[in-house]
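Some notes on the structure that comes next.
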Amino acid sequence: MADVLFPVSLDQALDLLAKTEAPAVLAGGTDLLVQVRQGKKTPGIFVSLDRIEGAQEILETETEIIIRAGAPLARIMAHPAIRDHGSVLAQALAVLGSPQIRNMGTLGGNIMTASPAGDSLPPLYALDARVQLAGPEGFRRMPVRDFIQGPGKTALAPGEILWQANFTKPAPGTCHWFEKVGQRTALSISMVSLAALFRPDPDGRVSKVSLAWGSVGPTIVESPETETFLLNKPLTREVLAGAGDLARQAVRPISDIRATADFRRQVAGNLLMRLETPAKGKRLTRY
Amino acid sequence: MKLEFTLNSAKVTVETAPDRRLIDLLREDLGLTGTKEGCGTGECGACTIRVQGETKLACLMLAAQVQGCDVVTIEGLDPAGHHPVQEAFTGSGAVQCGFCTPGMIMSLSTYLAAHPDPAPEKIREAVSGNLCRCTGYQKIVDAGLAAARALKEAHRG
Chain V
347 MADVLFPVSL
357 DQALDLLAKT
367 EAPAVLAGGT
377 DLLVQVRQGK
387 KTPGIFVSLD
397 RIEGAQEILE
407 TETEIIIRAG
417 APLARIMAHP
427 AIRDHGSVLA
437 QALAVLGSPQ
447 IRNMGTLGGN
457 IMTASPAGDS
467 LPPLYALDAR
477 VQLAGPEGFR
487 RMPVRDFIQG
497 PGKTALAPGE
507 ILWQANFTKP
517 APGTCHWFEK
527 VGQRTALSIS
537 MVSLAALFRP
547 DPDGRVSKVS
557 LAWGSVGPTI
567 VESPETETFL
577 LNKPLTREVL
587 AGAGDLARQA
597 VRPISDIRAT
607 ADFRRQVAGN
617 LLMRLETPAK
627 GKRLTRY
Chain U
8 MKLEFTLNSA
18 KVTVETAPDR
28 RLIDLLREDL
38 GLTGTKEGCG
48 TGECGACTIR
58 VQGETKLACL
68 MLAAQVQGCD
78 VVTIEGLDPA
88 GHHPVQEAFT
98 GSGAVQCGFC
108 TPGMIMSLST
118 YLAAHPDPAP
128 EKIREAVSGN
138 LCRCTGYQKI
148 VDAGLAAARA
158 LKEAHRG
């Protein structure tokens with residue numbers, strides 16, 4: 347039997363991690379408790395984020411959005427500040443798992459699982475998000491793209507807790523787009539996904555582009571070549587087709603039960619074609 | 008550990024292992040077998056219950072997590088089993104083998120309480136975390152719409 351502890355402050359939680367044998371941080375439990383059930387993890391003790399003061403908060407400053415690790419996915423996607431400034435993230439969370447999973451699962455949990463198919467990760471990469479880790483010596487910060495090191499692997503050190511992710515609000519007029527291709531609409535693990543942020547100038551040329559693909563490599567794939575290619579160009583069908591070719595060279599997909607590597611490579615490029623819409627004068631965002 | 012929480016509007020005190028799965032506590036220790044275990048990994052929704060007003064999966068919760076919480080299972084939706092969503096399920100033929108039904112009804116009743124005038128696609132989204140292998144879902148959507156109408160009339164009446 348493993349005890350379940352409910353620290354009420356971050357300091358108390360860190361203290362428990364330092365003093366207990368084989369502790370596991372329990373956030374939403376939607377990944378951890380499955381792994382425990384399958385015998386892949388055998389925690390000596392669960393340290394829950396549920397009752398830590400501030401661990402579920404979503405904060406907005408003048409320039410930044412801050413999402414604490416224990417914030418449930420459903421609350422993040424419904425939060426006005428996220429809809430206004432992080433729509434790409436809200437769009438991704440809206441198709442993550444199911445309503446029940448979104449009520450339980452947390453942003454911190456989705457980051458810590460570090461799945462190549464983790465739906466929150468392409469938006470966080472595209473938003474250039476950073477994470478803040480709390481440890482006995484204090485806080486340390488790093489870009490989320492450095493924090494994620496491989497499938498299921500992060501830079502979290504023993505005794506540390508992922509405390510928050512934060513990102514700078516994108517400039518006004520930035521278009522947000524997330525699309526996931528899965529085998530069905532709900533409860534679906536992505537076969538390929540794309541998060542895109544871009545800012546069209548009045549003449550339709552884009553002045554800023556951030557792209558991040560999920561499920562086409564061991565971690566989220568970014569492609570500076572594709573982004574540079576698109577800069578200062580209008581997002582026409584021809585331009586996007588050229589970008590798609592570059593994207594297909596950048597991804598490193600594998601074949602698994604959900605899709606073949608060839609399919610993933612093809613679709614990773616195809617997903618860019620959706621970005622054509624704003625050139626026709628429509629605002630490309632679901633919220 | 009001594010666990011105290013509100014279960015179907017009644018205060019409950021029970022001695023349990025803190026890491027006992029909530030579904031096992033409900034079904035085996037407290038005898039509430041309406042909540043079903045399908046996959047045990049959070050993918051089928053058969054174990055959907057309401058915790059603090061939100062739908063959650065009892066197979067992915069530990070007993071200790073509901074300390075002091077308000078928990079509602081299918082047994083607590085209506086003392087006589089005649090909640091408008093339950094009535095709509097029987098009236099619309101939305102029940103076949105019945106295994107997914109408690110979870111479906113927990114998802115729909117929670118959704119309709121907050122969204123009294125849903126579009127059909129919103130009903131589908133509300134039960135998108137609940138798998139049914141019998142009905143093909145259409146009659147469940149029909150039941151959801153019928154329940155929404157009944158709830159509105161009850162509210163008006």
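Protein chains in written order, with this note's numbering: chain V, 347 to 633; chain U, 8 to 164. Note that beta-carbon positions come from the ideal geometry of N, C-alpha and C, so glycine has one too. The structure displayed is predicted, hence computed values, not measured ones.
| Item | Value |
| --- | --- |
| Chain U beta carbons: is any one of them nearer than 8 Å to that of Tyr633/V? | Unreliable positioning characterises Tyr633/V in this predicted model, as indicated by a pLDDT of 41, which lies under 50. A coordinate reading is not provided. |
| Determine whether the beta carbon atoms of Leu152/U and Pro127/U lie at a separation below 8 Å. | yes |
| Could you tell me which residues DSSP pairs with Lys499/V in its beta bridges? | Gly496/V |
| Hey, is Ile411/V close to the ligand ZN, as in C-beta under 7 Å from one of its heavy atoms? | No copy of the ligand ZN appears in this structure; indeed no ligand is present at all. |
| Can you check whether the CB of Leu592/V is closer than 8 Å to the CB of Leu621/V? | no |
| Tell me where the alpha helix (DSSP H) around Leu158/U begins and ends. | 145 to 163 |
| Please identify the residue among Leu37/U, Ile56/U, Thr108/U whose C-alpha is closest to the C-alpha of Cys141/U. | Thr108/U |
| Below 6 Å CB to CB, which residues in the same chain sit around Gln384/V once its five sequence neighbours on both sides are set aside? | none |
| Along the segment 40 to 73 of chain U, what residues have a CB closer than 7 Å to any CB found in chain V? | Gly47, Thr48, Gly49, Glu50, Gly52, Thr55, Glu61, Thr62, Lys63, Leu64, Leu67, Met68, Leu69, Ala71, Gln72 |
| Considering only DSSP beta bridges, list what Ile404/V is partnered with. | Ile413/V |
| Of the residues Pro468/V, Asp602/V, Gly519/V, Leu508/V, which one's Cα is nearest the Cα of Arg486/V? | Leu508/V |
| With H, G and I counted as helix, E and B as strand and the rest as coil, what does DSSP make of Ala373/V? | coil |
| Compare the C-alpha of Leu533/V against each of Ile81/U, Val148/U, Asn137/U and name the closest. | Asn137/U |
| Looking only at C-alpha atoms, which of Ala438/V, Ala415/V, Thr500/V sits nearest to Pro468/V? | Ala438/V |
| Taking 7 Å as the limit between beta carbons, can you name the residues of its chain near His90/U, skipping five residues before and five after? | Leu84, Ser116 |
| Per DSSP, what kind of secondary structure is His522/V in: helix, strand or coil? | strand |
| Please confirm whether Leu363/V and Leu395/V have their CB atoms less than 8 Å apart. | no |
| Could you tell me whether the Cβ of Asp77/U comes closer than 8 Å to any Cβ of chain V? | no |
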